[in-house]
Each structure stands twice: as structure tokens, then as C-alpha cells.
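> Which chain is which? The protein sequence lines are B and P, in order. Residues in the first sequence are numbered from 7 upward in steps of one, following our numbering. Residues in the second sequence are numbered from 5 upward in steps of one, following our numbering. We put the CB at the ideal spot given by N, CA and C, even for glycine. Okay, handing you the structure first.
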Amino acid sequence: MAFKEIDLNMGPQHPSTHGVLRLKLAVDNEVVLSVEPVIGYLHRGMEKLWESLTYTQVVPLTDRLDYLASLSNNLGYVLTVEKLAGIEVPRRARYIRVVLAELQRLASHLAWLGFQANDIGAMSVLLYGFEARETVLDIFEEYCGARLTIHGIRIGGVPHDLDAALAARIRKVLDGIPKRLADIRALLDDNRIWKQRTVGIGRIAAGDAIAYGLTGPGLRACGLAWDMRKDIPYSSYDEFDFDVPLGRNGDVYDRYLVRLEEICQSIRIVRQALDGLPEGETSAKVPRVLKVAPAEVFHTIEAPKGVLGFYIKSNGTDKPERVKMKSPSFINLQSLEHMCKGNLFSDVVGILGSLDIVLGEIDK
Amino acid sequence: MTPFVADVLIPVGKIVAVILYPMIMVVVMIWLERRVVALMQGRLGPNRVGFQGVLQPVADAVKLFFKEDIMQRQADAFLFNISPVLVMFSSLLAFCFVPLGEPIRIGTYTLTLWIAESPVGLLIILGLSSISVFGVIFGGWASNSKYPLMGALRSVVQVLSYEIPTGLTVLTVAFVARSMDLVEIVRRQEASGTWYGFLMPVSFIVFWISAIAETNRAPFDLPEAESELVAGYHTEYSGMKFAFFYMAEYAHMVLVSSLVVILFFGGWLPPFPSVKALAFLHAVPGFVWYLVKIMFFLYLYVWIRATLPRYRFDSLIRLVWKWLIPLALANFLVVALVRFLR
């Protein structure tokens, strides 16, 4: 069929754009010629809003950025403020933060696994992934009462202590997850259809990935060991023993494998943190009204989706002069066109899924 | 039996039954699919309307009936309206040729559990299922929108490609049974004592795979791939017209399962006809055996859907042209040769 190039509008109301993302596609038959992401449908003016709030009031708002990994956003922001104000966090609080952040990574990756599988048509895995994620969310609920927008990390430390009962519960959940993962992997890993849809799809070379600023599992799937937890450790990550899983081909399948392995590594880190949980305070003494002398800092952490950075400029008052967020989803999305070009239209959905974007973080 | 009953009441009753039966099966199937998939995924599924949610599909249909019927301005009204009818009509009409069970004797009158017995019944059913493709094409084309168009294009290529292996495998059955009459095919299986599915497993497997593809079901549900094409060719449809497409898809599944059962698994015949100890199985009415068998294949549909990811378009076409058609051809040649030598 002679079928000239057509423009196809995907989203913002589309089942697979993971929120309100719009993609302007040009396709020739089913081959993708260009992809242009159009964003801003969820823009809430977060960064500007933060300028009118005190340092403490900003923390719960960071929950609403990457709402699948709200604790990681909390951690990224809080660490930056602590660096700015020179607050020393007690070791016990740092360990509890690691436990929370790694559990959050687990939850985020499990949700991603479900979405990615659903994008490729394996709808049962969506439910299996979410079922496993649910067990992790239950821990958050028990820790501080919230499940999605958790606000579980405060400036100076953590709001609650992690007692023995909760630690036992966490261990129990961690024991259950590998079994669930094994079930999912039995469905997907060697499935011919799954491999046809993922192996060699959405490839990006390591050099291009760096040029596009790709970070997180997407970058590590290209074979580059770049993990903030290892390379620029924060919050006592240097005290834990874990591996940085790497891929080789930088395709959708490798991103899938890397994230699955990261789940196992997170479980390992949480276990170590629970075993070695030091005694002490769960929070540093932070003045009720936190005023910070004029300075500017930039701090990055390894969020589940990639490198999350916060830049804060203070002006001596209790409110920041400027907060700028370097969100991994936004930057990872830039490489979408590079990955999609020449692939089939069906693959756009799978590739977009493999980037693991959250629109709350892209639009801010 | 008075002529009035024999010539008027029974035919009218059959006409009502041939419409009601697929509809009831569709309702059962929609409920079953939602419950079984939910069970496989660790959910509950609909369980509020009626006992265990059996009335959920009815409630959905009533809701759809009252929904606003939207047709966008650029759509071609005639084709847009005719295509759901075409799809539904061809699915329902095909049921006229499906024998549901053994003829029942009432005194001197023989009540046949089918409407029409035609020497080319098989061909007519295949022809009718091809007509339903037109409904899909027209629906996608007349919507004048991009996603339905792409869904319709995929559907054309998919169904046309998969009709070749279907036709080739159906031919092998016709060869062995020396008939294209569905009732006759079942009778031949009864006479020979073997179901053709066991006699020609390759034919059955090729037919079943093609049948899943022709009904646009997972893992071949590309024309309506939700994660890519929103809802495929019926994206622009709403209300009852959408319900028609939806019900027709399920009716088509029931039809295809019936075909598999009739062509390969002895239709209404009870299993193990040659085992003397199991002769009591003959006491069960043929219709029940037929139902049990098609429910098995309908369940298989649901099971596959819950398990497998979706094929991509190019590998779907590669599968049929590089594997299924050569396989079906070779199978056809072998069957023809064996038949010729006998």
C-alpha cells in the first residue's frame, strides 16, 4: 500500500504515555521517522512555588514530583538543604534513610516492571508487579501512614524511628519479593514474543547516551558503570556492599535486566542496613525556623529513574531564593527520538516504557 | 405433531434460538473472561451484579445502550453505521450452519439442532467470517481518524494472511471427511471412531493458531492493541455500535471454538467412543458434550490472553508467511497423498 508519511498524535490522552505526555510522531507506514515529545500538561510551577515556601515546607511538595518514588525526591532535596545549612545527620538516621530510599527504589522498579510489561501486552505482569509493590507500600504505611506521597524524610533526619517489629516486617517482605520476581521472570525472560519485542529494540550507544545526558538504569544498560551511590556516595552508601548491574547492548531488554538486578541489589542493601543499624538519634537538632546564610549548592543522588539533582540558592532568610531541579525523567526523555527512529510504531510504546518516565517529574 | 407446530412454531423457535444462543454465550464468555483473567492475576474481577457477577455483562450492555451515540463530523455516515451491523450480522448468520447436537426424535418428527445443513456449510462459514473483515475495514476507514485507520489496515493484512492457513487446514478435513457439510463431518468422525484432531494434529494446531489471529485475540490482538492504537478500529465508536463490535468479537470466538470442536473434536460426540466401559457417556445429551468442548477452547483463549505478551506486526506476518503457510501446505500435501493412496 502506497501510504505516505503521516503525522500521528500520541497522547496526552493515550493509554501508554504514562500520564499526560504527548508525542508528535511522523510515521511512514509503521516506521517511525521522528518523535517529538510535547510536555507541560502537568506543569504546576513547582520551582517558582518553592521560592515562597520555607525550606521545611518544600519537602512534602517534592513528593509530588516523581510520585512513584517520593522518598527519593525527599532525600534529594533534604540532602541538598543539609549540605547548604551544614547540618550533620546522625548515623542512625542516615541508615534509616538508606532503608527507605532503597525500598522506594524497589517499589518504583516493580511499578515500572508492570507498566513496561503492560506496554508490550503482557497484562498479567502488570498486576503481579503491582502486587509485589503493594507489599513494599505496606511498609511505608506502617512507617509513617502514607503510601504514595510519603514525606518520610525530614531535614536533619527521619520523622520516626525504625523499631525491631518494623525491621522484622521489612525482612519478611524482602524474603517474599525474590519469589514473586522469579515468577515474573519465568513468564518473560525466555519468552520468544517478549524477546522479539525487546532485544535490539531502542538501542543507544554509550557515547550517544552520555551526549543525551541519559542516566540511571538506561545508561547502565549501555555498559557504563555510573551510579551516584558508588561514584559520589551520600548518606552512608559507601558503608554498604553492593554491585552496580550493567547491560551490554543498551536495548530495552538490557534495561529490563538491569532494573531486575537492581531490585536484587536493593534488597541486599536494605538487609545490610537493617543488620548494621547503629544506635543513636534519628534526627539532628534543626532550628524550628531554618535560616540559611547566602550560598548556593548543587547535590545529586541516584533516584530510581536516574541522577536526581537539586540546586538551591539561599539568601539568608527562611525561604530559598531559587530551587532548580535536575529531574532524571526529563533528561532521559530527550533520548527517546534517538532510540525510536527507524523502529516500528509499536516499539515506541515499549521504548517509552523502558525509559521509565514520570510526568510529575518532567513537568514539575 | 400438527403441521402448524412443525412448519411454523419450530422454525420460528429455531430462528430465535440462533440469535439467543450466541448472545447468551457472549454474555457468559465476557463474564468468564473477566473472572478468569482476574483470578489468574490475583484479583477478584466483577462479583457484585448478580451471583458472582454473572449479570455484569448485561449491566454493561444496558449502560452502553443508554450512552450517547457519537459520530464525528468527518466520518462517512453510511459506512460508519453499516460496519458494526456487518460484523454482527456475519457472526450471527454463521451460527445457522453450526450443528449444536444430535437430532432429537419427537414421535415421527426429527428436530435438528441446526438451521441449515448445506453441502458447502464450511465454505459459507469461512465466507461469512471474511465478510466480518469488511466491517472492520469500513469501520476503521469511515471513522476518518488515524488510530482506527491503522487498526483497520493491520486487521486487513492480518486476517487476509491468516485465512490462507485456515483454508488449507480446513481443506484437509474436507479431504478426509469427503464432505464440506459440518453435520456430515461429525458423522464421519463418529463412523471412523477417531476425531480428526488426533488424526491430523498439525491441521488442528495450525487451525487453532490462525483462528486466534483471525479473531484478533491475544497474542495477535494487534488491530486493537490497546497500548499502541488505543482501541484500534473501533476507537471512534461509542454506545451500542461499540457494543456490537465488542459482542461480535466474542461471538466470533464462540463460532471459531465451535468450528474447532466440530472439525477436529467430534462436535457433539462423547469422548472415548470405542471404550466399552465408558459407554454411559453416551447417555449425556450431545449438546452438553458440544458445550463442554467449546468451553474448553474458550477457556484456552482466556488463558493465552492472560499469559502472553503481544506480537509485533512484522513478526506476526513473518509467523504466518514463513511458518504457518509452509507448514499448512506440507500438511495438506501429506494428507492429500495419504488420502489418494488409500
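Look at the alpha carbon of isoleucine 74 (chain P) and the alpha carbon of aspartate 257 (chain B), and state the distance between them as a whole number of angstroms.
Here residue 74 (chain P) corresponds to residue number 70 of the second sequence, with the count starting at 1. Here residue 257 (chain B) corresponds to residue number 251 of the first sequence, with the count starting at 1. Going from the Cα of isoleucine 74 (chain P) to the Cα of aspartate 257 (chain B) covers about 42 Å.
> Identify which residue in P:Val187, P:Tyr294, P:Ser242, P:Thr6 has its Cα closest to the Cα of threonine 112 (chain P).
In the second sequence, counting from the first residue as 1, residue 112 (chain P) sits at position 108. For the residues P:Val187, P:Tyr294, P:Ser242, P:Thr6, the minimum Cα distance to threonine 112 (chain P) belongs to P:Thr6.
> Quick test of the definition: if touching needs 3 or more C-beta pairs under 8 Å, does the segment 360–367 of chain B touch the segment 98–105 of chain P?
The way I'd put it, the segment 360–367 of chain B doesn't touch the segment 98–105 of chain P; fewer than three beta-carbon pairs between them come closer than 8 Å.
> Does the segment 246–253 of chain B come within contact of the segment 120–136 of chain B, defined as at least 3 CB pairs closer than 8 Å?
no
> Answer with buried or exposed for arginine 294 (chain B), where buried requires no fewer than 16 other C-beta atoms within 10 angstroms of its C-beta.
As a first step, residue 294 (chain B) must be located in the first sequence, where it is residue number 288. Arginine 294 (chain B) comes out exposed.
> Residues of the segment 202–223 of chain B in Cβ contact with chain P at a cutoff of 7 Å, in chain order, please.
Gln202, Arg203
> For isoleucine 176 (chain B), which residues in the same chain have their Cβ closer than 6 Å to its Cβ, ignoring the five residues on either side in sequence?
For the purposes of this step, residue 176 (chain B) is taken as residue 170 along the first sequence, with counting starting at 1. For isoleucine 176 (chain B), where only same-chain residues beyond five positions count, the Cβ hits under 6 Å are Ile145.
> Mind checking if phenylalanine 317 (chain P) is an interface residue toward chain B, Cβ cutoff 8 Å exclusive?
Residue mapping note: residue 317 (chain P) aligns to position 313 of the second sequence, counting from 1. Closer than 8 Å: yes.
> The alpha helix (DSSP H) with lysine 178 (chain B) in it runs from where to where?
Position 172 of the first sequence, counted from the first residue, corresponds to residue 178 (chain B). Element bounds for lysine 178 (chain B): 170–194.
> Indicate whether histidine 344 (chain B) and aspartate 260 (chain B) have their beta-carbon atoms separated by less than 8 Å.
Your numbering for residue 344 (chain B) matches position 338 in the first sequence. Your numbering for residue 260 (chain B) matches position 254 in the first sequence. No, they are not a contact pair.
> Nearest by alpha-carbon distance to alanine 146 (chain P): which of P:Ser214, P:Gln76, P:Phe300 is it?
Within the second sequence, residue 146 (chain P) is the residue found at index 142, counting from 1. Nearest C-alpha to alanine 146 (chain P): P:Gln76.
> Can you give me the C-alpha to C-alpha distance between arginine 203 (chain B) and proline 18 (chain B), rounded to a whole angstrom?
The sequence position of residue 203 (chain B) within the first sequence is 197, counting from 1. The sequence position of residue 18 (chain B) within the first sequence is 12, counting from 1. Computed Cα separation, rounded: 24 Å.
> Determine, for methionine 251 (chain P), whether the minimum Cβ-Cβ distance to residues of chain D falls below 8 Å.
The chain labelled as chain D is not found among the protein chains of the depicted structure, namely B and P.
> Which residues, in order along the segment 301–327 of chain P, keep a beta-carbon less than 9 Å from a beta-carbon of chain B?
Arg309, Ala310, Thr311, Leu312, Pro313, Arg314, Tyr315, Arg316, Phe317, Asp318, Ser319
> Can you give the Cα-Cα distance for alanine 152 (chain B) and glutamate 218 (chain P), rounded to whole angstroms?
Within the first sequence, residue 152 (chain B) is the residue found at index 146, counting from 1. Within the second sequence, residue 218 (chain P) is the residue found at index 214, counting from 1. Those two C-alpha atoms are separated by around 47 Å.
> Give me the Cα-Cα distance between glycine 46 (chain B) and leucine 90 (chain P), rounded to the nearest whole angstrom.
In the first sequence, counting from the first residue as 1, residue 46 (chain B) sits at position 40. In the second sequence, counting from the first residue as 1, residue 90 (chain P) sits at position 86. Computed Cα separation, rounded: 43 Å.
> Excluding the 5 residues preceding and the 5 following leucine 172 (chain B) in the sequence, name in chain order all residues of the same chain whose CB lies nearer than 7 Å to its CB.
On the first sequence, position 166 is the one that residue 172 (chain B) refers to. Scanning its chain for C-beta atoms nearer than 7 Å, with the 5 sequence neighbours on each side dropped, one finds around leucine 172 (chain B) the residues Glu148, Tyr149, in chain order.
> Which residues bound the alpha helix (DSSP H) around asparagine 349 (chain B)?
Position 343 of the first sequence, counted from the start, is the residue given in the question as residue 349 (chain B). That residue, asparagine 349 (chain B), is in no alpha helix (DSSP H); it is neither H nor E in DSSP.
> So what does DSSP say about proline 96 (chain B), is it helix, strand or coil?
What you label residue 96 (chain B) is simply residue 90 of the first sequence in a count that begins at 1. Note: proline 96 (chain B) maps to coil in three-state DSSP.
> Just to confirm my understanding: we take valine 329 (chain B), look at its own chain, exclude 5 residues before and 5 after, and list those with CB closer than 6 Å. What are they?
Here residue 329 (chain B) corresponds to residue number 323 of the first sequence, with the count starting at 1. So the list reads Glu53, Trp56, Ile318, once near-sequence residues are dropped.
> Would you say glycine 46 (chain P) lies against chain B (beta-carbon separation less than 8 Å)?
In the second sequence, residue 46 (chain P) corresponds to position 42, counting from 1. Closer than 8 Å: yes.
> Should alanine 222 (chain P) be flagged as near chain B, meaning a C-beta pair shorter than 8 Å?
Looking up residue 222 (chain P) in the second sequence gives position 218. It does; some Cβ of chain B falls within 8 Å.
> Using a threshold of 8 Å, state whether the C-beta atoms of proline 88 (chain P) and phenylalanine 249 (chain P) are closer than that.
On the second sequence, position 84 is the one that residue 88 (chain P) refers to. On the second sequence, position 245 is the one that residue 249 (chain P) refers to. Yes, they are a contact pair.
> Quick one: complete beta strand (DSSP E) runs, 3+ long, within the segment 6–37 of chain P?
As far as the segment 6–37 of chain P is concerned, it has no whole beta strand (DSSP E) run of at least 3 residues.
> What does the Cβ neighbour count give for tryptophan 272 (chain P), buried or exposed, with the cut at 16 atoms within 10 Å?
In the second sequence, counting from the first residue as 1, residue 272 (chain P) sits at position 268. Buried, because 16 or more other Cβ atoms sit within 10 Å of the Cβ of tryptophan 272 (chain P).
> Keeping to the same chain, check which residues put their C-beta closer than 6 Å to that of asparagine 79 (chain B); ignore five residues upstream and five downstream.
Position 73 of the first sequence, counting from 1, holds the residue named residue 79 (chain B). The answer, listed in chain order, is Thr68, Leu71, Asp72.
> Can valine 190 (chain P) and valine 339 (chain P) be called in contact, C-beta distance under 8 Å?
Translated into positions along the second sequence, residue 190 (chain P) becomes position 186. Translated into positions along the second sequence, residue 339 (chain P) becomes position 335. Their beta carbons are not under 8 Å apart, which means valine 190 (chain P) does not touch valine 339 (chain P) by this criterion.
> How is leucine 29 (chain B) classed by DSSP in three states: helix, strand or coil?
In the first sequence, residue 29 (chain B) corresponds to position 23, counting from 1. DSSP places leucine 29 (chain B) in strand when its eight states are reduced to three.
> Sort out for me which residues DSSP pairs histidine 305 (chain B) with in a bridge.
As a first step, residue 305 (chain B) must be located in the first sequence, where it is residue number 299. Beta-bridge pairing links histidine 305 (chain B) to B:Phe316.
> Using a 10 Å radius around the Cβ and a threshold of 16 neighbouring Cβ atoms, would you call methionine 7 (chain B) buried or exposed?
Position 1 of the first sequence, counting from 1, holds the residue named residue 7 (chain B). In this prediction, methionine 7 (chain B) scores a pLDDT of 46, lower than 50, which makes its location untrustworthy; the coordinate-derived value is nonetheless stated afterwards. Taking all protein chains in view, the Cβ of methionine 7 (chain B) is surrounded by fewer than 16 other Cβ atoms within 10 Å, so the residue is classified as exposed.
> Using a 10 Å radius around the Cβ and a threshold of 16 neighbouring Cβ atoms, would you call threonine 288 (chain B) buried or exposed?
Mapped onto the first sequence, residue 288 (chain B) falls at position 282. Buried, because 16 or more other Cβ atoms sit within 10 Å of the Cβ of threonine 288 (chain B).
> Between the segment 180–192 of chain B and the segment 218–232 of chain B, can you find at least three pairs of beta-carbon atoms closer than 8 Å?
Between the segment 218–232 of chain B and the segment 180–192 of chain B there are fewer than three C-beta pairs closer than 8 Å, too few to call the two in contact.
> Name the chain P residues whose beta carbon is nearer than 9 Å to that of tryptophan 232 (chain B)?
Position 226 of the first sequence, counting from 1, holds the residue named residue 232 (chain B). Those do not exist, as tryptophan 232 (chain B) stays about 30 Å from chain P at its closest Cβ, beyond 9 Å.
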